[in-house]
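Number of protein chains: 2
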Amino acid sequence: MNKLAIPSQLDTIILAETFRLLGDPTRLRILFFCLDEPRSVGDIAASLDLSQSLVSHHLRLLRGARLVRGNRQAKQIFYELADRHVSDMLVDMAHHVCEDSDE
Amino acid sequence: MNKLAIPSQLDTIILAETFRLLGDPTRLRILFFCLDEPRSVGDIAASLDLSQSLVSHHLRLLRGARLVRGNRQAKQIFYELADRHVSDMLVDMAHHVCEDSDE
DNA sequence: ATAACATATAAATACATGTTCATATGTATG
DNA sequence: CATACATATGAACATGTATTTATATGTTAT
Numbered sequence: 728m729n730k731l732a733i734p735s736q737l738d739t740i741i742l743a744e745t746f747r748l749l750g751d752p753t754r755l756r757i758l759f760f761c762l763d764e765p766r767s768v769g770d771i772a773a774s775l776d777l778s779q780s781l782v783s784h785h786l787r788l789l790r791g792a793r794l795v796r797g798n799r800q801a802k803q804i805f806y807e808l809a810d811r812h813v814s815d816m817l818v819d820m821a822h823h824v825c826e827d828s829d830e
Numbered sequence: 728m729n730k731l732a733i734p735s736q737l738d739t740i741i742l743a744e745t746f747r748l749l750g751d752p753t754r755l756r757i758l759f760f761c762l763d764e765p766r767s768v769g770d771i772a773a774s775l776d777l778s779q780s781l782v783s784h785h786l787r788l789l790r791g792a793r794l795v796r797g798n799r800q801a802k803q804i805f806y807e808l809a810d811r812h813v814s815d816m817l818v819d820m821a822h823h824v825c826e827d828s829d830e
């Protein structure tokens, strides 16, 4: 509805922080891998060919920004996107980039 | 239509690159400032209280990623968002962040 | 409790990146 | 042409960050 006022200084920082976290290929791969179904840390590491430690570090950052959320199932912890906002955001942006050959 | 397949390695990198550029508060401020109407470099610098050099550096990056586009008008160069995709993206994301108090 | 498995954390390092300062390029006007 | 104005570029620096290696925490089963 509204064309969008210029975001406040604070909103800008929060927005930038979110973008910054999405601005790393490894983290993006992790996010897309967890898009459809929750995935365990080990699964992520094995499937994306990343060290367990690295995956854990990235998940910490993503958790901190509430972009993902994990719940324990016995020994494993399954991570998924935090909410619909995040997944929509990702999907939308992916479309934007893929369709980037027009205009 | 499609739920979105996992992006290719290349698309992931391009997407990450775009996000990375958006992941800086200064660049975001510049983009939002140029959202409604084209703005000269000097205007940007003065209005956002940034050095002319800094603005120019950031504009170069944004230009390189085809996020903004500038055209000369006599001595000045007016920058605006490159296309509708970019501006929509920005507006959408801003809304996502602002509405981030639900769920 | 001990062993085995899954995940998280800490320290260290190598590299990327935002910012500043100084200078160059380009454009109009006397 | 020379001067002033607007923007761009280059080098230097300081800070941030992705990744690795090593180790700790937590959970289940024997």
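Just so you know, the sequences run in chain order A and E. Each number in our numbering comes from the position in the first sequence (counting from 1) with 727 added on. Each number in our numbering comes from the position in the second sequence (counting from 1) with 727 added on. Note that beta-carbon positions come from the ideal geometry of N, C-alpha and C, so glycine has one too.
Our two residues, D819 of chain A and L794 of chain E, have alpha carbons roughly 17 angstroms apart in a direct line. Judged by their CB atoms, R754 of chain A and L775 of chain A are not nearer to each other than the 8 angstroms cut-off. By the neighbour-count criterion, in which a residue is buried when 16 or more other Cβ atoms sit within 10 angstroms of its Cβ, R766 of chain E is buried. Look at the segment 748-771 of chain A: the residues with a C-beta under 9 angstroms from a C-beta of chain E are L748, L749, G750, D751, P752, T753, R754, L755, R756, F759, F760, L762 and D763.
Between the alpha carbons of R799 of chain E and V813 of chain A lies a distance of about 38 angstroms. For L758 of chain A, there is no enclosing beta strand (DSSP E); the residue is part of the alpha helix (DSSP H) that begins and ends at P752 to F760.
Between V824 of chain E and chain A, the shortest Cβ-Cβ separation is below 8 angstroms. The beta-bridge partner set that DSSP reports for L808 of chain E consists of E:V795. Chain A places no beta carbon closer than 8 angstroms to that of I804 of chain E, leaving this residue out of the contacts.
Nearest in C-alpha terms to E826 of chain A, of all of E:D810, E:E826 and E:H822, is E:D810. Under the 8 angstroms criterion on CB atoms, A792 of chain E is classed as non-interfacial with respect to chain A. The alpha-carbon separation between L758 of chain E and Q803 of chain A amounts to approximately 42 angstroms.
Taking the Cβ atoms as the reference, T745 of chain A lies roughly 6 angstroms from A792 of chain A, within the contact range of under 8 angstroms. Proximity of L788 of chain A to chain E, defined by a Cβ-Cβ separation below 8 angstroms, is not satisfied. From the listed residues A:H785, A:L788, A:L737 and A:V768, the smallest Cα separation to A801 of chain A is found for A:V768. Shown here, S767 of chain A sits in a strand according to DSSP, grouped into three states. The bridge partners DSSP lists for Q803 of chain A are A:Q800.
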